[in-house]
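Residue numbers (the numbering used here), protein chains in the order written: chain E, 1 to 245; chain A, 1001 to 1245. Every residue, glycine too, gets a C-beta built ideally from N, C-alpha and C.
Protein chains: 2
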Amino acid sequence: MPELIDKTLDVVDCINEAGVCSLADIAARCGLPFSTAHRIVSALVARGYLASAKRGQYRLGGRILLAGSRQSLASLIETISRRPLRDLARMTRAHAHLAVLDEDMVTYLVKQSWGRAVVHSQEHMQLEAYCTAIGKVLLANLPPDEIEAYLEAGDFVRLTPFTITDVETIRNHLLETRRCGWATEVEETAPHLMCLAVPIADPKGQVHAAISVSIVTRQPSHAALLDRLPALQETKSGIEAALFP
Amino acid sequence: MPELIDKTLDVVDCINEAGVCSLADIAARCGLPFSTAHRIVSALVARGYLASAKRGQYRLGGRILLAGSRQSLASLIETISRRPLRDLARMTRAHAHLAVLDEDMVTYLVKQSWGRAVVHSQEHMQLEAYCTAIGKVLLANLPPDEIEAYLEAGDFVRLTPFTITDVETIRNHLLETRRCGWATEVEETAPHLMCLAVPIADPKGQVHAAISVSIVTRQPSHAALLDRLPALQETKSGIEAALFP
DNA sequence: CCTTTACTCCCGCGAAGTGGGAATAAGGGG
DNA sequence: CCCCTTATTCCCACTTCGCGGGAGTAAAGG
């Protein structure tokens, strides 16, 4: 790979992380000679990828700030994930889903089916969050105050005999989910249906989506779900690596 | 400026504008040889600045999408504008402001005073939009449905004998403002105070902020305001060029 | 299964980037 | 208001690193 490109992206990454830097900071952080750093920074400023407010203050420029806002990360995650999820569905002999949280509702962006067993989910469908594995993962990774707001505002309907509707129990589930990094759901939304989900996060730990496997069976058991956890984790890693190498 | 950096940014810009491209598209649009385009694209993909969903589909990667969301464009505009506005204030012998719209209120981000005349504005202060020049510019460049929503919801208080409170008149002012690119206000918020404002927009015409000059005088006149329009326009151009070269 | 299309890889030439250092300009503090 | 500090700009010979044509290869879609 061209070295200059790497150096250039090092500079951008560095400023992206640090917020504002002087040229000296940049040179030091990226391990670049002074003049090289200056040359790169000048080129980036000239193109609007960096901006210098005052002396010794470089920051991200308008071009980059605008680029981010035009397209949503969710749409990228969706297209990136489609193939890995199809592989996951085959490998685990289960349905695979990708979803994000939208206005406290789980929004399914990708569904990859497996076998004949029919699951009611569909792409673009919205479901309640408290009773689905994906929903639990997404809720659990919200800021604490938003979790509380959700728990207070929520109207937790009993969809099956196993649906958890008690606020305290849900809160504990969410805490546990956040701690261990995955969530399950066994017949909480529909009979014979169980689910295992993990989050998709960026390198800083911010969660942007979640993926899950869903199994339809006469004999629901946690063990059958957890067998799939390694494969799910691997898919998670693959997607995260594609998004944030 | 290093040529490779320029080519690299050409590629990024190209994908940013086109949304999704194949390698061939990129090479064609940027006028690059195939192998060169491939080398650049690979490097960008390896760093997460581009992502390839499937064959022939490159798009912006997670790194860039995330970079944009972390910092706000408003904060950049604020720091970039401070110096040009100070110069503007000196040159026009007036107070200069930068503001954005936040929840239908004008939010002042930068104030550069001139002379002794005191103006009530302050940085971080919020004012009503319908009766200020900056507010009119910002409102006028909202999507039509949001303008209508503002006009319907608004409670237009008469602050001075000259405040415009009639919805129909305000609507016409906004249309005219959008057409000609600037707005004035003569004693609509306070006695002896008049104002002239223009928008700060990106290359696609999207308005992100507005700047203004404010004059305190015993004899308010449109002419004295419009004398300042060229200087204001020049400052606008300078800021826009710094943001989006 | 086959075809098409996009991607990957290779290699010698030479243009293009490198980087040490000195001059210059621009702020901020006293 | 001036000086001092610190960031920035500029220069130039060296040599590395990227260039780019084309042939091979893998993958998607019919």
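Among the options, which one has its Cα closest to the Cα of residue i?
{"i": "R1063 (chain A)", "options": "A:M1091, A:I1239, A:M1125, A:L1044", "result": "A:L1044"}
{"i": "E185 (chain E)", "options": "E:P203, E:T163, E:V167", "result": "E:T163"}
{"i": "Y58 (chain E)", "options": "A:F1156, A:E1152, A:I1080, A:T1092", "result": "A:I1080"}
{"i": "H1222 (chain A)", "options": "A:A1201, A:T1169, A:A1133", "result": "A:A1133"}
{"i": "A1231 (chain A)", "options": "A:A1089, A:M1001, A:E1240, A:A1149", "result": "A:A1089"}
{"i": "V216 (chain E)", "options": "E:S42, E:P191, E:A209, E:G19", "result": "E:P191"}
{"i": "W1114 (chain A)", "options": "A:T1160, A:L1151, A:L1085, A:V1100", "result": "A:L1085"}
{"i": "R1082 (chain A)", "options": "A:F1244, A:P1245, A:G1238", "result": "A:G1238"}
{"i": "A1099 (chain A)", "options": "A:I1077, A:A1153, A:T1165, A:R1116", "result": "A:I1077"}
{"i": "A247 (chain E)", "options": "E:H38, E:A117, E:A209, E:M194", "result": "No answer is possible for residue 247 (chain E): it lies beyond the span of chain E, which begins at 1 and ends at 245."}
{"i": "L32 (chain E)", "options": "E:G19, E:C14, E:A18", "result": "E:C14"}
{"i": "P1245 (chain A)", "options": "E:H124, E:L50, E:R116, E:A117", "result": "E:L50"}
{"i": "V167 (chain E)", "options": "E:D145, E:Y130, E:G56", "result": "E:Y130"}
{"i": "E188 (chain E)", "options": "E:A209, E:T165, E:P144", "result": "E:T165"}
{"i": "G19 (chain E)", "options": "E:P144, E:G56, E:D87", "result": "E:G56"}
Please report the distance separating the alpha-carbon of residue i from that of residue j.
{"i": "V1207 (chain A)", "j": "N1141 (chain A)", "result": "6 Å"}
{"i": "E1234 (chain A)", "j": "G1068 (chain A)", "result": "27 Å"}
{"i": "I250 (chain E)", "j": "R158 (chain E)", "result": "Lying outside 1 to 245, the shown extent of chain E, residue 250 (chain E) is not represented and no answer is given."}
{"i": "T8 (chain E)", "j": "R218 (chain E)", "result": "56 Å"}
{"i": "E128 (chain E)", "j": "G135 (chain E)", "result": "7 Å"}
{"i": "P203 (chain E)", "j": "A1027 (chain A)", "result": "31 Å"}
{"i": "S42 (chain E)", "j": "E240 (chain E)", "result": "32 Å"}
{"i": "R1178 (chain A)", "j": "V11 (chain E)", "result": "39 Å"}
{"i": "S52 (chain E)", "j": "D6 (chain E)", "result": "21 Å"}
{"i": "K1054 (chain A)", "j": "S75 (chain E)", "result": "14 Å"}
{"i": "F1034 (chain A)", "j": "L66 (chain E)", "result": "28 Å"}
{"i": "T1036 (chain A)", "j": "M1 (chain E)", "result": "11 Å"}
{"i": "G48 (chain E)", "j": "L1023 (chain A)", "result": "24 Å"}
{"i": "I1147 (chain A)", "j": "F1156 (chain A)", "result": "14 Å"}
{"i": "A242 (chain E)", "j": "T160 (chain E)", "result": "38 Å"}
{"i": "H1097 (chain A)", "j": "E1176 (chain A)", "result": "22 Å"}
{"i": "L1073 (chain A)", "j": "A1201 (chain A)", "result": "11 Å"}
{"i": "N172 (chain E)", "j": "C1021 (chain A)", "result": "46 Å"}
{"i": "L1151 (chain A)", "j": "L1226 (chain A)", "result": "27 Å"}
{"i": "T1169 (chain A)", "j": "A153 (chain E)", "result": "42 Å"}
{"i": "P1220 (chain A)", "j": "H1124 (chain A)", "result": "27 Å"}
{"i": "A46 (chain E)", "j": "C180 (chain E)", "result": "46 Å"}
{"i": "P1144 (chain A)", "j": "L4 (chain E)", "result": "46 Å"}
{"i": "D25 (chain E)", "j": "G205 (chain E)", "result": "26 Å"}
What does a CB cutoff of less than 6 Å around residue i pick up in its chain, not counting 5 residues either side in sequence?
{"i": "V1119 (chain A)", "result": "H1095, S1214"}
{"i": "W182 (chain E)", "result": "V198"}
In terms of residues, what are the limits of the beta strand (DSSP E) holding residue i?
{"i": "H1095 (chain A)", "result": "1095 to 1102"}
{"i": "V1207 (chain A)", "result": "1207 to 1216"}
{"i": "P2 (chain E)", "result": "P2 (chain E) -> no beta strand (DSSP E), and no H or E assigned at all."}
{"i": "A201 (chain E)", "result": "193 to 201"}
{"i": "A1183 (chain A)", "result": "1183 to 1186"}
{"i": "Q126 (chain E)", "result": "126 to 128"}
Can you list, in chain order, the residues of its chain with a C-beta nearer than 8 Å to that of residue i? Leave out the 5 residues immediately preceding and following it.
{"i": "Q126 (chain E)", "result": "D102, M105, V106, T107, Y108"}
{"i": "Q1122 (chain A)", "result": "Y1108, K1111"}
{"i": "K236 (chain E)", "result": "V198, P199, I200, I211"}
{"i": "C1030 (chain A)", "result": "K1007, D1010, V1011, C1014, A1037"}
{"i": "D1087 (chain A)", "result": "T1235"}
Could you check where the alpha helix (DSSP H) with residue i kicks off and where it finishes?
{"i": "Q1233 (chain A)", "result": "1229 to 1243"}
{"i": "L1138 (chain A)", "result": "1133 to 1140"}
{"i": "C1030 (chain A)", "result": "1023 to 1030"}
To which residues of the same chain is residue i closer than 7 Å at the C-beta, ignoring the five residues directly before and after it?
{"i": "A149 (chain E)", "result": "none"}
{"i": "R228 (chain E)", "result": "T92, A94, L196, V213"}
{"i": "N16 (chain E)", "result": "L60"}
{"i": "L1174 (chain A)", "result": "K1136, L1139, A1140, I1147"}
{"i": "A1117 (chain A)", "result": "V1216"}
{"i": "I40 (chain E)", "result": "K7, T8, V11"}
Give, in chain order, every unbroken run of the alpha helix (DSSP H) that is at least 4 residues long and sits entirely within the segment 144 to 178 of chain E.
-> Counting only runs of 4 or more, we get 144 to 153.
Would you mind listing the alpha helix (DSSP H) stretches within the segment 1032 to 1107 of chain A that are 4+ residues and don't spill past its ends, in chain order?
-> 1034 to 1046, 1062 to 1070, 1073 to 1092
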